[in-house]
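Here the structure comes first, spelled out in structure tokens, and everything after it is commentary.
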Amino acid sequence: MSENTFDSLLQEDRTFAPPAEFAARALVSDPDVYARAEADPEAYWAGWARELHWSKPWDQVLEWNPPQARWFLGGKLNAAYNCLDRHLDGPRRTKTALLWEGEPGDRRAFTYEELHAEVSRAASALRSLGIGKGDRVAIYLPMIPEAAIAMLACARIGAAHSVVFGGFSAESLRDRINDADARLLITADGGYRRGGIVPLKRAADEALTEEGGCPSIEKVLVIQRHVDGAPVGGAVMTEGRDLWWHEVVDAASADCPAEEMDSEDLLYILYTSGTTGKPKGIMHTTGGYLTQAYATTKWVFDLKEDDVYWCTADVGWVTGHSYLVYGPLANGATVLMYEGAPDAPDRGRFWKLIQDYRVTILYTAPTAIRAFMKWGAEWLRKYDLSSLRLLGSVGEPINPEAWMWYHEHVGGGRCPIVDTWWQTETGAIMITPLPGVTETVPGSATTPFPGIRADILSLHGEHIPAGGGFLAIRRPWPSMLRGIWGDPVRFQETYWSKWQGETVGSGDDTQPGEGVYFPGDGAKRDERGYFWVIGRIDDVLNVAGHRIGTMEVESALVDHPAVAEAAVVGKAHELKGQAVAAFVTLKEGLEPTEELKREISDHVVRKIGAIARPDTILYTADLPKTRSGKIMRRLLKDIAEGRTLGDTTTLADPSVVAQLKDDYEAKG
Ligand code: ATP
Ligand code: MG
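Heads up, the sequence shown stops at 668 in the UniProt record's numbering, and the numbers go up one at a time, no gaps.
Rendered as structure tokens:
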């Protein structure tokens, strides 16, 4: 193996064809869609764009001056209009758009007509506060309907939103507000999480007043979170700066014409999860973003008029933007939104929600699936999950064992699984099965969505037909990021410089490296041509000259019946260059013995070979994760190599790394 590529270790032979009944009714069951999109990608995307409402059609589909793309040039539209107004002419007017349940069990529901009225009032209120086209609005909310309403209200008047996850600290909120120069902050007195109240307004006050504060913020709009008519309370209002949402919005007019936006006008800024370092303010514009969010929601989730669609992601992440708000609402879907934790009041909460709302499509993350595995399948058996017909996964590579568990226990063996690879930067799904077409393999995101040109390349840009290398996107796509807010240099360097000056591709199929996007992930291609994302390039292990992706070793660990979750990092080793350091969480109730360590270690060797044998295994109750649930291997590497920890501001629970550091130093 050369230094350019990666060793491919994991073998997976289980395959799952789309169930016949599913395929018979699927929106797409003809594999020809791929060839048709390839024949003329611009015409194909234009076909999707035409399914949206444009107040003025575009003059040109694409202008591509790497790394700057512009889609649907000259076209005018409004994203909120497309998510709401255009559904009001037919039967969708009275269709349920949003079903919501709070953690304490309180419920609200909105038809398209009602959601339209709410968004319009909120948009009028924002306008009355002097907010309009070209402004940025920071949104720091729990998972309540107003989170979606506030986003759509911004979109309606042409202000870009910057949603900051409600679990972030005052400091993280302040950094993001200041980076984007937001004029308005929309927050709430509090939200519910695991039985407690998250005091968002208090954190917002701290963000705005301490350590230089947020000079760009003029007003703060505060939503009062009620349970059974009683406000959560606790918000201290600052005269002249803070306003109650219910006072301003309820009094505002429901007649608020949508601003006509250029296809390339900014729709939002969203900061990445911060798994690899300081978050980047990713910019998404209107026409191309909405087109791909719409198209992928429809085809990947096989979305039908009578579906009840539940995406468990928080609106603070890109998945919450594209697949809780813009994609499903642009499709006129019925969307479920849930405020709280999966284990409140007990570990059956998700399954109860699916039963109560007759959810048909579930889209969640591997981190959640691994938690459910750890808790055990008994929790699911108490509920009727027969309404489910399709399952989705996003956020990290899904270990084959977690995939199988999802398939068997959640999907009852009958639901196709779509493992969707994409990122904040790509705006929408890029690599995924089509559930009525693709034969799936546990752990593989399979193939690029029609119209997307993904490839696996060597360090110098050679096309790798089979084996491991760098994931690359070789053609612009509509929902691609248009930049990093305020940092064009980082934009160029992070995503567009990997193959600069190289010729990418092979044979007749080559192109200049300048126009090839590097997402930062390593991947391999199997004999079928399927893609396997095997981890971040930054996390790749180099053991005795073998470059190994984290996913394969972790999947071998998780494959052991005692292991619930695992993370591996390379740790400096005199002879091998690096040795494998493994951090392992056991399933509940199991004894963490030395004997079991040997067994787990042997299991890895049996599964993928001696090269991957862990040098050390450390048992841990929890792994360090971002607030979006992704394992932060760079911190584990700092621990394994005895360094001071890097940026920890995006960690979900800083005590986890502190504990691990102590344990590692004691035993490691
Ligand atoms: P940062 O870029 O700030 O370090 P992040 O990359 O975690 O944070 P996101 O944009 O939320 O922020 O995550 C995208 C990344 O998540 C992808 O680049 C990939 O590493 C991983 N990912 C998402 N979905 C999948 C999937 N289905 N399979 C494998 N990896 C996935
Ligand atoms: Mg990233």
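Using N, Cα and C, we set each Cβ at its ideal position, and we do this for glycine too.
Leu-388 to Val-325 span [Cα, whole Å]: 21 angstroms
Own chain partners of Arg-536 with C-beta closer than 8 angstroms, once the 5 adjacent residues on each side are dropped: Correct list, in chain order: Thr-275, Thr-276, Gly-520, Asp-521, Gly-522, Thr-550 and Arg-633.
Segment contact, 8 angstroms Cβ cut-off, at least three pairs: the segment 431-447 with the segment 23-38: yes
Buried/exposed call for Pro-91, threshold 16 Cβ in 10 Å: Taking every protein chain shown into account, the CB of Pro-91 has fewer than 16 other CB atoms within 10 angstroms, so this residue is exposed.
Check: Thr-616 C-beta below 7 angstroms from any heavy atom of the ligand COA: For the ligand COA, the structure offers nothing, since it holds only the ligand ATP and the ligand MG.
Arg-414, buried or exposed, once every other Cβ within 10 Å from all chains shown has been counted against 16: exposed
Contact check, Gly-468 vs Ile-534, beta carbons under 8 angstroms: Their beta carbons are under 8 angstroms apart, which means Gly-468 touches Ile-534 by this criterion.
Limits of the unbroken alpha helix (DSSP H) element including Tyr-294: 287-300
In chain order, each alpha helix (DSSP H) run of at least 4 residues that lies wholly inside the segment 208-285: 245-250
Length of the line joining the Cα atoms of Val-558 and Asn-399: 7 angstroms
CB contact flag (Ala-180, Arg-121, <8 angstroms): Not closer than 8 angstroms, so no.
8 angstroms contact criterion, which Ala-123 and Ala-153 should meet: CB distance rounded: 4 angstroms
Outcome for His-53 when other beta-carbon atoms lying within 10 angstroms are tallied against a minimum of 16: His-53 is exposed by the Cβ-count criterion.
Per DSSP, the bridge partner or partners of Ile-617: Ala-582
Host beta strand (DSSP E) of Glu-101 (start-end): Here the beta strand (DSSP E) through Glu-101 covers 96-101.
Pairwise C-alpha distance: Ala-472 and Phe-491: 16 angstroms
beta-carbon Thr-276 near the ligand MG non-hydrogen atom, thresh 7 angstroms: yes
Presumed contact (8 angstroms Cβ cut-off) between Tyr-294 and Glu-51, rounded CB distance: That pair is a contact at about 7 angstroms.
Residue from Val-119, Val-198 and Thr-286 whose Cα sits closest to the Cα of Thr-111: Val-119
Neighbour-count burial assignment, Arg-107, 16 or more Cβ in a 10 Å radius: exposed
Buried or exposed (CB count within 10 angstroms, at least 16 for buried), Arg-475: buried
Residue(s) in a DSSP beta bridge with Met-143: Beta-bridge pairing links Met-143 to no other residue.
Ranges of the alpha helix (DSSP H) found wholly within the segment 316-350, counting only runs of at least 4: 327-330
For Glu-554 and Met-1, the rounded distance between their alpha carbons: Annotation note: pLDDT 40 at Met-1 (below 50); position unreliable, coordinate value reported separately. Approximately 21 angstroms between the Cα atoms of the pair.
Proximal residues to Gly-513 (C-beta, below 8 angstroms), its chain only, five neighbours per side dropped: Gly-461, Lys-498, Trp-499, Gln-500, Gly-501, Glu-502, Thr-503 and Val-504
Secondary structure of Phe-449, DSSP reduced to three states: coil
Beta-carbon proximity check, Val-657 vs Ile-617, cutoff 8 angstroms: Contact: no.
DSSP-derived helix/strand/coil call for Phe-372: helix
CA-to-CA distance, Asp-89 to Leu-73, given in whole angstroms: 28 angstroms
Nearest-angstrom Cβ-Cβ length linking Asp-314 and Phe-165, presumed shorter than 8 angstroms: In this structure Asp-314 touches Phe-165 by the C-beta definition: roughly 6 angstroms separates them, less than 8 angstroms.
Own chain residues within Cβ distance below 6 angstroms of Ile-149, not counting five before or after: Excluding residues within five positions, the ones whose Cβ falls inside 6 angstroms are Glu-118, Val-119 and Ala-122.
Proximity to Thr-349 [Cα-Cα], best of Asp-40, Trp-375 and Leu-391: Looking at the sequence shown, residue 349 is not Thr but Arg. Measuring from the Cα of Arg-349, the nearest candidate turns out to be Trp-375.
Beta-bridge pairing of Tyr-383 - partner residues as DSSP gives them: Note: Tyr-383 sits in no beta bridge, so no partner.
Residue-chain proximity (Val-163, chain B), Cβ-Cβ < 8 angstroms: Included in the structure is just one protein chain, with no chain B present.
Thr-272 Cβ short of 7 angstroms to the ligand MG heavy atom set: Checking every heavy atom of the ligand MG against the Cβ of Thr-272, one is found closer than 7 angstroms.
Reduced DSSP secondary structure (H/G/I, E/B, other) of Phe-491: helix
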